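One structure is given here, and the rest of the page talks about it.
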Ligand SMILES: C[S@@+](CC[C@H](N)C(=O)[O-])C[C@H]1O[C@@H](n2cnc3c(N)ncnc32)[C@H](O)[C@@H]1O
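Numbering (this note's numbering), first residue to last: -2 to 282.
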């Protein structure tokens, strides 16, 4: 295995994320260096020629590494990510370290999501925006004393499903068409003691809601074309007053997704932009 590495200014983080942490890509690590002004981008490649091709395009250097499991080489000490005043997402797997984090942040729910071969550690703009919206929805349900359920289409590591469960949603379901993601997500459910959530393998293109189940919150952080293809079905699975959070939309696909959603009869969404990425938040009438 070979790794391509390059140091860069933090201001280019979005561009590197878009290039190497696009949807479904899991072989890159972007790490902020002490001082906060620089980042290091590492891309792990199975073949030297892949790493050399990146170096030819972007500069940087290539070195050989022995370990075959890139995830194990990813920095175990990712900076914890705080979402609003309710969540803290850590890359730590060690229960002792998680307990220490909990003691240091008693008001927050601590989520343990170590780097593995699935998307969704909370670093990416498409995930962090969904988490912020989920935290806000949970707050308003808590204030109103309302129960709420949640479905996560394209669950990856299961992070959004686990966050919803920790924020009070039940039941919670997540699915993904990638069997590796399903195994990772199930491991994360156990690790985070979220027994009200379940994860299964399914392709959104074939998925049909079970019976007449309607969901109070549905998240789908997947490619724009998968969203447009399945929007009608997702909107039909939404409870009255329910929230549909669509993420993973590159700005150039904004119009296409908005047009597909308009056909479902959903009202105008709230749009949240982060770098090149867009998240749409719909609330059903
Ligand atoms: C960008 S990741 C999102 C992961 C996580 N939900 C998050 O927000 O960080 C997209 C996930 O959706 C899955 N996915 C993509 N297309 C899908 C489809 N048609 N059906 C089910 N899962 C899909 C991918 O395998 C991947 O795990």
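Yeah, the Cβ is synthetic: ideal placement off N, Cα and C, and Gly gets one too.
All of these numbers come straight from a predicted model, not from anything done at the bench.
- Residue 152 has its CB nearer than 6 Å to a heavy atom of ligand 1.
- DSSP places residue -2 outside any beta strand (DSSP E), giving it a letter other than H or E.
- Counting along the chain, residue 134 sits inside the alpha helix (DSSP H) bounded by residues 122 to 141.
- At least 7 Å separates the beta-carbon of residue 148 from that of residue 117.
- Taking a cut-off of 8 Å for Cβ pairs, the stretch 198 to 208 and the stretch 216 to 223 touch, as three or more such pairs fall below it.
- One alpha carbon belongs to residue 120, the other to residue 78, and they sit about 7 Å apart.
- Counting only the Cα atoms, residue 12 lies some 12 Å from residue 55.
- Less than 7 Å divides the Cβ of residue 160 from the Cβ of residue 131.
- When the beta-carbon positions are compared, residue 90 and residue 103 stay at least 7 Å from each other.
- Under the 8 Å Cβ criterion, the stretch 230 to 245 counts as touching the stretch 254 to 270, having at least three qualifying pairs.
- Taken in chain order, the complete beta strand (DSSP E) segments of 3 or more residues contained in the stretch 198 to 224 are 212 to 218.
- Under the DSSP definition of a beta bridge, residue 240 partners with 214, 280.
- Straight through space, the alpha carbons of residue 275 and residue 269 are spaced by roughly 6 Å.
- Here the alpha carbon of residue 185 sits roughly 27 Å from the alpha carbon of residue 0.
- A straight line joining the alpha-carbon of residue 140 with that of residue 40 spans about 44 Å.
- In the DSSP annotation of this structure, residue 183 is not part of any beta strand (DSSP E); the continuous alpha helix (DSSP H) holding it starts and ends at 176 to 188.
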